[in-house]
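Heads up, the thing below is written out as structure tokens.
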Amino acid sequence: MFGNFIYFIVALLIYSTYQPSEQTNFAPLDTLIYFLSLILLFFIFSRRRFTRIAQMSAIHSHDVLDQQFSSALTRQSVLAIALFAVDIYGLNLSSFLAGIWLFEAIPTLQALIFMSLFVGYLAIVWSNAHAAYRHIYGADLTRRAYVTSNIAFSVPVLLPWLLLSGVADLLLALPFDLPRQVLESPEGETAYFLFFLFAVAVIGPLIIQKFWRCRPLEAGFNRQRIEALCRRADLNYADILYWPIFGGRMITAGVMGLVSRFRYILVTDALLRVLNPEEIDAVIAHEVGHVKRHHLLFYLFFFIGYMVIAYATFDLIVYLIIFSEPIYRFVFMTGISRTTVTTGLLSLAIIINFLVYFRFIFGYFMRNFERQADASVYGLFGSAAPLISTFKKIVAVSGHSPDKPNWHHFSIGQRVDFLKRCEADRTWVQRHDRKVRASIAIYAATMVVVGVAGYQLNVGQTGKQLNEKFFETAILNEISRNGGANAGLYGMLGDLYLGRSSFGQAVTAYRTALDIDPHSAIILNNYAWLLATCEDPAYRNPQQALDLAQRAAAIEQSPHILDTLAESLYVNGRITEAIDAATSALGLAKTNRTYYHGQLEKFQAARDNPVIK
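All residue numbers for the sequence shown refer to our numbering, where the first residue is 1 and numbers rise by one.
Here you go:
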């Protein structure tokens, strides 16, 4: 089940790291045909895979079927992620929505549409898997209940992003400058993120339990026993709730909430029906252990730790992508946009970074926290025998193998073996506690080092110098290998020098590039921009800038090129023509429209309020 959380976060990363293209790969009708065809093929492939597994139920053992089903479910879910990535990067679906006022004003609405599309892909998988699920596990859950339970359990993982992004959209839409200035500054953005992360962590359980349609456990023997155990453990909570996950047919319990006012103890109907009172006590003691050991708070800090690692490694990933020679050659051989290739690979690297972190680091702590919570039973009871018998009942009822691996839990067999060692020798409990404390200390120290290094790479002078030197060296080496006959390389070199205000070197690089290829629209455009806007008057040349910009616009009619033409007309005093060019640029722009609006307003202001010289 927790794997579904990962799928949703990966899909969100795929969407959020994509930069919409000004030009799509296919025409709208072709895109629609490809989109619907891919969905149909995905449905057929998924249905055939699970139908085959259901048909195997008569000839294979339960363990084999369990392994086959779990494997198929994982692979089909990964295929759903791949299909979603094709929609975003291959079919450019989000680019077709660019320029729509509502989505520009509230970008979270567009993101919700695409996340709903991904939910639809997973729903196809779960719907097709239902028959095999019933055959293998003997569950009487309806198809609708099975699909909706999977969705209901997984979707709340998007809650922090939804609130964070949605509230930011609303603040930016307000007619005040202060919210925009705060949210657009690195410090303000970080403060806003941390504030919302902790706010959602505190009040999120209140929303999630309503989303899951939990209801209070009625008064009676079970509630009284759980309440008594919580009083004995000095655990405060808001309520004890029925957890209707998969119709309440799973033997499981949970606890969520950092503060007692919004802390909920969750139990399923199957847990109360199948387990005896001592076993229920043991399960609740396990959940109490999570709270007393502050595991929920640690999970929050581990998530922040991922943000630290992502921040620290971002520039390093960019360097590896940009300066990888095979990628470099691929860009120039295929003619694909350098930005498109870099953005796509960067998104892939971020996703891999996320998967590695959560699979190995976050997963390590989850497994050991679960073991620590198992051992917490000894804080309330003299024996873990009821918890051991609970695990055995879970195996018997679920049909899963006790040795089935799990990235976020030790297998049931491993958990039972550990508790048996503790039964024989209680020092195993202290040993594991020491192991967890040492692991947390090492993790915290590592995060401090990574955070400091990341700051130096991303903000400090060290990172800036490394970036510039690394990029310049890579381009010069490639120029040397190509014999100096590649205009694109000199154009990139000019862009680098322009970015660090080395205007003389930029001019030399652009001139060399145009000597090799005088018809390169991007080089003509970038050189024209330098000559039209350079902060050093010695390098400004409005007339030459206009000549170059007109040549670029004759070759390619794209927003950024028309914007350069408008700027060149403006610095030459041809305001009316600048307004016309800027209007055309805005009309073509699908992204960054706020910038193009600002340019048009600047030229209109110059027309309405001319400066008399």
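Quick reminder that beta carbons are idealized off the backbone N, C-alpha and C, glycines included. Quick caveat, the model's predicted, so the values are computed rather than measured.
Does the stretch 275 to 293 touch the stretch 368 to 375, meaning 3 or more C-beta pairs lie closer than 8 Å?
-> yes
Are Q68 and K404 close, meaning C-beta to C-beta below 9 Å?
-> Reading the sequence shown from its first residue, position 68 is the one you call residue 68. Reading the sequence shown from its first residue, position 404 is the one you call residue 404. In this structure, K404 does not lie closer than 9 Å to Q68 by Cβ.
Chain B within 9 Å of L217, Cβ atoms only = The chain labelled as chain B is not found in the depicted structure, where only one protein chain is given.
Identify every residue that forms a DSSP beta bridge with L241.
-> The residue given as residue 241 occupies position 241 in the sequence shown. Paired residues: P216 and L266.
Span of the beta strand (DSSP E) around V255 | The count along the sequence shown starts at 1 and reaches residue 255 at position 255. In the DSSP annotation of this structure, the continuous segment of the beta strand (DSSP E) that includes V255 starts and ends at A253 to M256.
9 Å Cβ cutoff met for A80 and Y137 = As a first step, residue 80 is located in the sequence shown; it is residue number 80 there, counting from the start. As a first step, residue 137 is located in the sequence shown; it is residue number 137 there, counting from the start. Result no, Cβ atoms of A80 and Y137 do not sit closer than 9 Å.
Figure out for me which residue from F354, S347, A201 and E278 has the closest Cα to the Cα of Y299.
-> The residue labelled residue 299 in the question sits at position 299 within the sequence shown. The alpha carbon of Y299 has as its nearest neighbour, out of F354, S347, A201 and E278, the alpha carbon of A201.
Alpha carbon to alpha carbon, how far is A396 from I284? Give it in angstroms, no decimals.
-> Translated into the one-based positions of the sequence shown, residue 284 becomes position 284. Translated into the one-based positions of the sequence shown, residue 396 becomes position 396. Near 20 Å, if we compare the C-alpha coordinates of A396 and I284.
Along the chain, where does the alpha helix (DSSP H) that runs through K393 open and close?
-> Your numbering for residue 393 matches position 393 in the sequence shown. From DSSP, the alpha helix (DSSP H) with K393 extends over A385 to S398.
Same chain, Cβ closer than 6 Å to V147, five either side skipped, listed in chain order = Residue 147 sits at position 147 when you count from the first residue of the sequence shown. A123, W126 and S127, listed in sequence order.
I9 - DSSP class collapsed to helix/strand/coil | What you label residue 9 is simply residue 9 of the sequence shown in a count that begins at 1. Note: I9 maps to helix in three-state DSSP.
Does the separation of the CB atoms of V571 and A532 fall below 9 Å?
-> If you number the sequence shown from 1, residue 571 lands on position 571. If you number the sequence shown from 1, residue 532 lands on position 532. In contact: V571 and A532 (Cβ atoms closer than 9 Å).
When the distance is taken between beta carbons, is L562 closer than 9 Å to L600?
-> The residue given as residue 600 occupies position 600 in the sequence shown. The residue given as residue 562 occupies position 562 in the sequence shown. No; because the gap between Cβ atoms is not below 9 Å, this pair is not in contact.
Identify whether N406 lies in helix, strand or coil by the three-state DSSP scheme.
-> Position 406 of the sequence shown, counted from the start, is the residue given in the question as residue 406. N406: coil per DSSP, three-state reduction.
Can you check whether the CB of Y242 is closer than 9 Å to the CB of C214?
-> One-based indexing of the sequence shown puts residue 214 at position 214. One-based indexing of the sequence shown puts residue 242 at position 242. Contact flag set, yes.
Residue closest to L158, alpha-carbon to alpha-carbon, out of A581, A538, G451 and I208 = Within the sequence shown, residue 158 is the residue found at index 158, counting from 1. For the residues A581, A538, G451 and I208, the minimum Cα distance to L158 belongs to I208.
In angstroms with no decimal places, state the Cα-to-Cα distance between W529 and A509.
-> On the sequence shown, position 529 is the one that residue 529 refers to. On the sequence shown, position 509 is the one that residue 509 refers to. Cα to Cα, W529 sits roughly 14 Å from A509.
For A513, which option in Y497, L493 and F503 has the closest C-alpha, if you only look at C-alpha atoms?
-> Taking the sequence shown and counting its residues from 1, the one referred to as residue 513 is at position 513. Out of Y497, L493 and F503, L493 has the C-alpha closest to the C-alpha of A513.
Out of G504, Y527 and V449, point me to the one whose CA is closest to A487's CA.
-> For the purposes of this step, residue 487 is taken as residue 487 along the sequence shown, with counting starting at 1. Comparing Cα-Cα distances from A487 to each of G504, Y527 and V449, the minimum goes to Y527.
At which residues does the alpha helix (DSSP H) containing L162 begin and terminate?
-> Looking up residue 162 in the sequence shown gives position 162. That run of the alpha helix (DSSP H) goes L159 to A173.
Buried or exposed: H560, going by 16 or more other Cβ atoms within 10 Å of its Cβ?
-> As a first step, residue 560 must be located in the sequence shown, where it is residue number 560. The residue in question, H560, is buried, as its Cβ has 16 or more Cβ neighbours within 10 Å.
Identify the continuous alpha helix (DSSP H) that holds I561 and give its terminal residues.
-> Position 561 of the sequence shown holds residue 561. Start and end: P559 to V571.
Should I442 be labelled buried (16 or more other beta-carbon atoms within 10 Å of its own) or exposed?
-> The sequence position of residue 442 within the sequence shown is 442, counting from 1. Answer is exposed; the Cβ neighbour count stays below 16.
Assign W212 to one of two classes, buried (16 or more other C-beta atoms within 10 Å of its C-beta) or exposed (fewer than that).
-> Here the question's residue 212 lines up with position 212 in the sequence shown. It counts as buried.
Which whole-angstrom value is the C-beta distance of A282 and L387, which I expect to be below 8 Å?
-> Taking the first residue of the sequence shown as position 1, residue 282 is located at position 282. Taking the first residue of the sequence shown as position 1, residue 387 is located at position 387. Right, the Cβ-Cβ distance comes to about 4 Å (below 8 Å), so this counts as a contact.
Work out the CA separation of H62 and H135 for me, nearest whole Å.
-> The count along the sequence shown starts at 1 and reaches residue 135 at position 135. The count along the sequence shown starts at 1 and reaches residue 62 at position 62. For H135 and H62, the distance between alpha carbons rounds to 10 Å.
Using a threshold of 9 Å, state whether the C-beta atoms of I693 and T591 are closer than that.
-> One cannot answer for residue 693 here, as it falls past the ends of the chain, which runs 1 to 613.
Between the CA atoms of P20 and G491 - distance to the nearest angstrom | As a working note, residue 491 is residue 491 in the sequence shown. As a working note, residue 20 is residue 20 in the sequence shown. The alpha-carbon atoms of G491 and P20 are separated by roughly 24 Å.
For S77, count neighbouring C-beta atoms within 10 Å of its own C-beta (all shown protein chains included) and say buried if the count is 16 or more, exposed if not.
-> Within the sequence shown, residue 77 is the residue found at index 77, counting from 1. The residue is buried, with at least 16 neighbouring Cβ atoms inside 10 Å.
How should L548 be labelled, buried or exposed, when 16 other C-beta atoms within 10 angstroms of its C-beta is the threshold for buried?
-> Residue mapping note: residue 548 aligns to position 548 of the sequence shown, counting from 1. Buried, since its Cβ has 16 or more Cβ neighbours within 10 Å.
Does the stretch 167 to 181 come close enough to the stretch 431 to 446 that 3 or more CB-CB pairs lie under 8 Å?
-> Cβ pair count under 8 Å is below three, so no.
Selection from L36, G451 and V288 that minimises the alpha carbon distance to R263 | Walking along the sequence shown from the start, residue 263 turns up at place 263. The residue from L36, G451 and V288 with its alpha-carbon nearest to that of R263 is V288.
Keeping to the same chain, check which residues put their C-beta closer than 6 Å to that of L93; ignore five residues upstream and five downstream.
-> Numbered from 1 along the sequence shown, position 93 holds the residue referred to as residue 93. Only D87 meet the Cβ criterion.
Compare the beta carbon distance of H286 and S376 with 9 Å and say whether it is the shorter of the two.
-> In the sequence shown, the residue the question calls residue 286 occupies position 286. In the sequence shown, the residue the question calls residue 376 occupies position 376. In this structure, H286 sits near S376, with a CB-CB distance shorter than 9 Å.
Three-state secondary structure assigned by DSSP to I100 = By 1-based counting over the sequence shown, the position of residue 100 is 100. In this structure, I100 counts as coil in the three-state DSSP scheme.
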